Amino acid sequence: MQMLKKGYFGDFGGRFVPELLMPPLIELEEAMGRIMPSPIFQQELGRIMADFVGRPTPLYHCQGLSEMLGRNIWLKREDLAHTGAHKVNNTMGQALLAKHMGKPRLIAETGAGQHGVATATAAAMLGLECVVYMGSIDVKRQSHNVRRMKLLGAEVRPVESGTKTLKDAINAALRDWIAEQRTTHYCLGSVTGAHPFPLLVRDLQAVIGREAKRQFMEKMGGKLPYMIVACVGGGSNAIGAFHEFVPHGEVRLVGVEAAGTGELGCYHSATLTKGEHGVLHGALTKLLQDKHGQVEPSHSVAAGLDYPGVGPEHAGLQAAGRAEYYCVNDTQALNAFQVLCRTEGIIPALESSHALAWVLDNAESIPRGEHVIINLSGRGDKDLDIIEEVLGI
Numbered sequence: 000m001q002m003l004k005k006g007y008f009g010d011f012g013g014r015f016v017p018e019l020l021m022p023p024l025i026e027l028e029e030a031m032g033r034i035m036p037s038p039i040f041q042q043e044l045g046r047i048m049a050d051f052v053g054r055p056t057p058l059y060h061c062q063g064l065s066e067m068l069g070r071n072i073w074l075k076r077e078d079l080a081h082t083g084a085h086k087v088n089n090t091m092g093q094a095l096l097a098k099h100m101g102k103p104r105l106i107a108e109t110g111a112g113q114h115g116v117a118t119a120t121a122a123a124m125l126g127l128e129c130v131v132y133m134g135s136i137d138v139k140r141q142s143h144n145v146r147r148m149k150l151l152g153a154e155v156r157p158v159e160s161g162t163k164t165l166k167d168a169i170n171a172a173l174r175d176w177i178a179e180q181r182t183t184h185y186c187l188g189s190v191t192g193a194h195p196f197p198l199l200v201r202d203l204q205a206v207i208g209r210e211a212k213r214q215f216m217e218k219m220g221g222k223l224p225y226m227i228v229a230c231v232g233g234g235s236n237a238i239g240a241f242h243e244f245v246p247h248g249e250v251r252l253v254g255v256e257a258a259g260t261g262e263l264g265c266y267h268s269a270t271l272t273k274g275e276h277g278v279l280h281g282a283l284t285k286l287l288q289d290k291h292g293q294v295e296p297s298h299s300v301a302a303g304l305d306y307p308g309v310g311p312e313h314a315g316l317q318a319a320g321r322a323e324y325y326c327v328n329d330t331q332a333l334n335a336f337q338v339l340c341r342t343e344g345i346i347p348a349l350e351s352s353h354a355l356a357w358v359l360d361n362a363e364s365i366p367r368g369e370h371v372i373i374n375l376s377g378r379g380d381k382d383l384d385i386i387e388e389v390l391g392i
């Protein structure tokens, strides 16, 4: 989706921040326009993506799952990128930009831990200091990734305020950035926040859709897929997968949010499905809030989807009718997790399992023989403690 006016996707987006945050945001916007288009930056980023990140990631046809459903299911294997998730596309780009801006320190926030690992990786590779904020609940349920961040040299700071999850980690990171903006770049993990972050992260993640489109057309003689499906928390992997296909109106774009336990009145993360207009972390978007405008707690068995807001471009795509958004609950996602493990020999992240679950449960609504690309945003190693606890495996 193109911005109709600066910083906005339709009616959503903008820059609703305290005055103290305006200087670093303006500095970042200026750097994006001056540094990122330069041949030196693009050549260096291209080398890193190819030789360090491992791009292009494969587009894999799931033989077993396709036979089971009667539809052709493809996986864009972002789980095979270095660090095991799509997050590294964004962090390597932002870390390189920070280095070119003369900023020696990165800060980040993380829910599932994948963005924290990816930021710590980029910082180590480029010789930058790294501090990662993480809700204390997420520190416990994603302990595997916490250990990885520390091994990579990052300092992990648990956040004890609020719901002790991603929303509160973002608040802590923003306070740090205000205090240390001269030396520090805030490596935001999703297409959320104030302008220019939704645009910056979208452009760095758009490589997913560009590759998927080229790979699919090469395999299928120039044909486009019927549908692209991706999970949506903040929404970076989904925007990355969707962006290249937005101009192709014949390709359905489906985002899948987390419905929590699915019980009546439960906490969930279905922002686009059940949320309302509001401002969160500097952008006008859709979010979960009560009748007094207070942000409500969110929940998902997938820590990376546990966020009460969403990137403003998704809200714009939904309002324009260009993308569809649905939700599935924890049980459906856990079932899909097991199905992919046992039919394809791939252990997916619980976040990606939400996208897979929607396809499994709605296959009958897709014409037989049609081609569906699911963005497998990350691998499931990080979730094994949760799987063991919930499923007893």
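With numbering that gives the first Met the number 0, the residue at position 74 of the sequence shown is 73, and numbering never jumps. All residues carry an ideal CB built from backbone N, CA and C; glycine is no exception. These figures come from a predicted structure and were not determined experimentally.
Tell me, to the nearest whole angstrom, how far the beta carbon of G400 is from that of R14; I am working on the premise that it is less than 8 Å. Residue 400 lies beyond the stretch modelled for the chain, which goes from 0 to 392, so this question has no answer here.
Which one of L165, R341, P103, A240 has the shortest CA to CA distance from G63? R341
In its own chain, which residues sit with a C-beta less than 7 Å from the C-beta of T182, not counting the 5 before and 5 after it? Hits under 7 Å: K102, P103, R104.
So, is L19 buried or exposed, given that buried needs 16 or more other C-beta atoms within 10 angstroms? exposed
Between the stretch 197 to 204 and the stretch 155 to 169, do at least 3 Cβ pairs fall closer than 8 Å? no
Extent of the continuous alpha helix (DSSP H) to which R174 belongs: 165 to 179
Report the rounded CA-to-CA distance for L68 versus N334, giving the unit in angstroms. 15 Å
Report the CB separation of A80 from R54 in whole angstroms; it is logged as a contact under 8 Å. 7 Å
Whose C-beta lies closer than 7 Å to the C-beta of H353 among residues of the same chain, with five residues either side of it excluded? C230, V255, A257, A301, L304, V327, A332
For L127 and V371, the rounded distance between their alpha carbons: As the crow flies, the alpha-carbon of V371 is around 40 Å from that of L127.
Say whether the stretch 117 to 125 touches the stretch 80 to 89, bearing in mind that this needs 3 or more beta-carbon pairs closer than 8 Å, one atom from each stretch. yes
In the stretch 68 to 133, which residue ranges form an unbroken alpha helix (DSSP H) of at least 4 residues, counting only runs that do not cross its ends? 86 to 100, 113 to 125
Please specify which runs of the beta strand (DSSP E), each continuous and at least 3 residues long, are wholly inside the stretch 211 to 257, giving them in chain order. 226 to 230, 251 to 257
How is L286 classed by DSSP in three states: helix, strand or coil? strand
Starting from G45, trace the beta strand (DSSP E) both ways and give me its first and last residue. Per DSSP, G45 belongs to no beta strand (DSSP E); it is in the alpha helix (DSSP H), 38 to 47.
Cβ contact check for the stretch 347 to 361 and the stretch 207 to 221: 3 or more pairs under 8 Å: Result no; under three Cβ-Cβ pairs closer than 8 Å.
Close beta carbons around N71, own chain, < 6 Å, minus the five adjacent residues each side: S65, H370
Looking at the secondary structure, which residues open and close the alpha helix (DSSP H) in which H313 lies? 311 to 318
Using a Cβ-Cβ cutoff of less than 6 Å, which residues in the same chain neighbour L283 once the five nearest sequence positions on both sides are dropped? F11, G13
Residues in the same chain with beta-carbon distance under 8 Å from L223, minus the five sequence neighbours each way, listed in chain order, please. Excluding its 5 nearest sequence neighbours in each direction, L223 has C-beta neighbours in its own chain below 8 Å: K212, F215, M216, F244, H247, E249, V250, listed in chain order.
If I follow the unbroken beta strand (DSSP E) through P157, where does it start and stop? 154 to 158
Roughly how many whole angstroms lie between the Cα atoms of N170 and I365? 41 Å
Between the Cα of G208 and the Cα atoms of G134, A168, P57, M100, which residue gives the shortest distance? P57
Helix, strand or coil, according to DSSP, for T260 in the structure here? Residue state, collapsed to three classes: coil.
G277 lies in the beta strand (DSSP E); which residues open and close that run? 275 to 279
Which two residues bound the contiguous beta strand (DSSP E) that contains L20? Looking at the DSSP string, L20 is not in any beta strand (DSSP E), and its letter there is neither H nor E.
What are the partner residues of P57, as DSSP defines its beta bridges? Beta-bridge pairing links P57 to no other residue.
For L203, list the residues DSSP reports as bridge partners. None, per the DSSP bridge assignment.
Going by Cα to Cα distance, which pick from G292, S268, Y266, G239 is closest to G277? G292
Own chain, CB closer than 8 Å to P195, minus 5 neighbours either side, in chain order: Excluding positions up to five away in sequence, the list reads G6, L24, L27, E28, M31.
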